[in-house]
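Below is one structure, written out as structure tokens; the observations come after it.
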Amino acid sequence: MGTRDSQQQEGHPFGTAAQPSSARDAVNEMIEAGLLDGLMDTVDRGGLALTGQGGFLPELVKAVLERGLQTEMSDHLGYDKGDPAGRGSPNSRNGASGKTISTEVGDVDLEVPRDRAGSFEPRLVPKGSRRAGGLDEIIISLYAGGMTVRDIQHHLQRTYGTELSHETISKITDAVLEEVTAWQSRPLEEIYPIIYLDALVVKVRDGHQVRNRSAHIAVGVDLDGVKHVLGIWIQASEGAKFWAGVCAELRNRGVKDVLIVCCDGLPGLPEAIEATWPSSTVQTCTVHLIRAAMRFVSYQDRKKVAAALKPIYTAPTVQAAETALLEFAESDLGRKYPAAVRTWENAWERFIPFLSFPPEVRKIIYTTNSIESLNYQLRKIIKNRGHFPSDDAVIKLLWLAIRDIEDKRARQRDKQRGLPTHQRSAPARLVEGATVHGWKQALGALALHFPDRLDPYLN
1 MGTRDSQQQE GHPFGTAAQP SSARDAVNEM IEAGLLDGLM DTVDRGGLAL
51 TGQGGFLPEL VKAVLERGLQ TEMSDHLGYD KGDPAGRGSP NSRNGASGKT
101 ISTEVGDVDL EVPRDRAGSF EPRLVPKGSR RAGGLDEIII SLYAGGMTVR
151 DIQHHLQRTY GTELSHETIS KITDAVLEEV TAWQSRPLEE IYPIIYLDAL
201 VVKVRDGHQV RNRSAHIAVG VDLDGVKHVL GIWIQASEGA KFWAGVCAEL
251 RNRGVKDVLI VCCDGLPGLP EAIEATWPSS TVQTCTVHLI RAAMRFVSYQ
301 DRKKVAAALK PIYTAPTVQA AETALLEFAE SDLGRKYPAA VRTWENAWER
351 FIPFLSFPPE VRKIIYTTNS IESLNYQLRK IIKNRGHFPS DDAVIKLLWL
401 AIRDIEDKRA RQRDKQRGLP THQRSAPARL VEGATVHGWK QALGALALHF
451 PDRLDPYLN
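Residue numbers (UniProt numbering): 1 to 459.
Next comes the structure, spelled out in structure tokens:
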């Protein structure tokens, strides 16, 4: 994440979707040869289980792994088992040791060959390893989907017949922390024309209490109009001090300038942005402003109030918007809901920058909808988790969830690649790597509005 050369590639910097292999061709050949017909008849009659203890797939995995281990041993010794060429060799086979590994199809008991010199280091099933690599990926995917460690334990036992301890599963998910830390501290672009900020509430244990905290997510739009998740921050303290730290971190990671920051009026944020990037425009999200005003409006009047507010944020100039707000305040609806009027008046100085831009830019900074869509998906994932043990656990899950969402969407698009457009139903990128619609026109308008700040990066 951070170099534009790779941004046009399918997938995203969090991870890439699995690529097709020849496994499907091999299975198709077996089916065409009728090799699986008898097997599936036995399964259908209940005479054979596919997974779990004693199942066909664990036995197949066992046979494949043990054959591979024997091949590795032959390569290590320099001769095959029973080959006369091995007579007088300084090293030889020395039986086998038992080992149980957990796999995607259940626990598998293996006979791992040994050599007399004790120098054999198998690569297929490394020493000390108790899990096949694919199982780790399954566990991380389940965790990214919102399952707790306890849920994953039960799922593996019920589905695969595999028992893993709470500590083992935690270690597997913690293995990504180093990658998350690298992502959180990676270098960023020198300029982002637009940055969106939004937050979602999470519950985090603090000593003996569980407290609400805000997980803030920043999405930046680079000069190519491509969106990137810049970071995730858990708000442990209120107001300007927290936001000053966030802005300083982005600055230290290379962000020298931001043209427009679109947010929902979080306390202390405008001041922190202007202290870090004095020339930046802080724009209150118009949709958030409308929602804030609607909190004071009864349900039966909401459509009328929404219609009355529209002339304010669609006004061609600041003067026209002020006139529209005054007309709303003096109307029957405005007198009935003075708190709604006051909401707009209090946010006025952070709203009116929006009106100085042409339509091409307005439609992009009108709302933080793209990041809100991301947060909506993340809320679905975290809603059943109760609370998190730490701030790091929140960041880990949100990072994994974003990666998982984008990977799944990439796999869906890959499956439909080559189909006519009207037959494709796979979703586009959610945020990471998505391109802003109409960006060329918007960039042209921004270049006219901020020539001194954009020209050095465009030439």
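Backbone N, C-alpha and C fix where the C-beta goes; we use that ideal spot for every residue, glycine too.
Just so we're clear, the structure is a prediction, and the values are computed from it rather than from any experiment.
Let's see if you can read the secondary structure: which residues bound the beta strand (DSSP E) around residue 235? 227 to 235
At which residues does the beta strand (DSSP E) containing residue 346 begin and terminate? No beta strand (DSSP E) contains residue 346, which is instead part of the alpha helix (DSSP H) from 338 to 346.
Run through the region 272 to 347 for me and flag every whole beta strand (DSSP E) of 3 or more residues, listed as ranges in chain order. 281 to 284
For the region 356 to 439, which segments carrying the alpha helix (DSSP H) assignment without a break, of at least 4 residues, lie completely within its bounds, in sequence order? 359 to 365, 369 to 382, 391 to 415
Here's the rule I'm using: 16 or more other beta-carbon atoms within 10 Å means buried, otherwise exposed. How should residue 419 be labelled? exposed
Could you tell me if residue 83 is buried or exposed, where buried requires 16 or more neighbouring beta carbons within 10 angstroms of its beta carbon? exposed
Please state whether DSSP places residue 113 in a helix, a strand or coil. strand
Just to confirm the assignment, what range does the alpha helix (DSSP H) spanning residue 68 have? 56 to 77
Exposed or buried, which one is residue 291 when buried takes at least 16 other CB atoms within 10 Å? exposed
Distance between residue 406 and residue 108 (C-alpha atoms, nearest Å): 32 Å
Measuring CA to CA, which of 139, 252, 110 is closest to residue 126? 110
Assigned secondary structure, residue 256 (DSSP; H/G/I helix, E/B strand, else coil): coil
How close, in whole Å, do the beta carbons of residue 124 and residue 57 come, if the pair is a contact with beta carbons under 8 Å? About 17 Å; that fails the 8 Å criterion.
If you pair each beta-carbon of the region 188 to 200 with each one of the region 259 to 266, do three or more pairs fall below 8 Å? yes
Could you check the C-alpha separation between residue 460 and residue 387 for me, to the nearest Å? The structure shown does not extend to residue 460, since the chain is modelled only from 1 to 459, so the question has no answer here.
Taking residue 91 and residue 63 to be in contact with their CB atoms under 8 Å, please state how far apart those CB atoms are, rounded to whole angstroms. Going by Cβ atoms, the distance from residue 91 to residue 63 rounds to 26 Å, so no, they are not a contact pair.
Residue 184: first and last residue of the uninterrupted alpha helix (DSSP H) it sits in: 177 to 184
Should the region 145 to 157 be regarded as contacting the region 201 to 210, the criterion being three or more beta carbon pairs within less than 8 Å? no
Can you tell me whether residue 437 is buried or exposed, with buried defined as 16 or more other CB within 10 angstroms of its CB? exposed
Looking only at its chain, what residues have a beta carbon closer than 6 Å to the beta carbon of residue 354, apart from the 5 residues adjacent to it on each side? 283
Please work out which residues of its chain come closer than 6 Å, Cβ to Cβ, to residue 16, disregarding the five sequence neighbours upstream and downstream, and give them in chain order. Residue confidence for residue 16 is low, a pLDDT of 45 falling below 50, so the modelled location carries little weight and cannot support an answer.
Please report how far the alpha carbon of residue 365 lies from the alpha carbon of residue 294, in whole angstroms. 20 Å
Could you tell me which of 173, 288, 397, 184 sits nearest to residue 350, measuring between CA atoms? 288
Between which two residues does the alpha helix (DSSP H) holding residue 171 run? 166 to 174
Can you name the residues that DSSP bridges to residue 192? 258
State the start and end residues of the unbroken alpha helix (DSSP H) segment that holds residue 453. 451 to 458
Taking residue 216 as part of the beta strand (DSSP E), name the residues at either end of that continuous run. 209 to 221
Paired residues, beta bridge with residue 241 - DSSP: Partner(s): none; residue 241 has no beta bridge.
Where residue 464 and residue 451 are concerned, what is the direct C-alpha to C-alpha distance, given to the nearest angstrom? The structure shown does not extend to residue 464, since the chain is modelled only from 1 to 459, so the question has no answer here.
Rounded to whole angstroms, what is the Cα-Cα separation between residue 410 and residue 337? 47 Å
Could you pull the start and end residues of the beta strand (DSSP E) that residue 101 belongs to? 93 to 103
Go ahead and pull the three-state DSSP assignment for residue 33. coil
Are the CB atoms of residue 215 and residue 240 nearer to each other than 7 Å? no
Spatial neighbours of residue 152 within its chain, please: CB distance less than 7 Å, with the 5 preceding and 5 following residues excluded, ordered by chain position. 139, 142, 143, 169
Can you have a look at residue 45 and say buried or exposed, based on whether 16 or more other CB atoms are within 10 angstroms of its CB? exposed
Use the C-beta contact count for residue 270: other C-beta atoms within 10 angstroms, 16 or more gives buried, fewer gives exposed. buried
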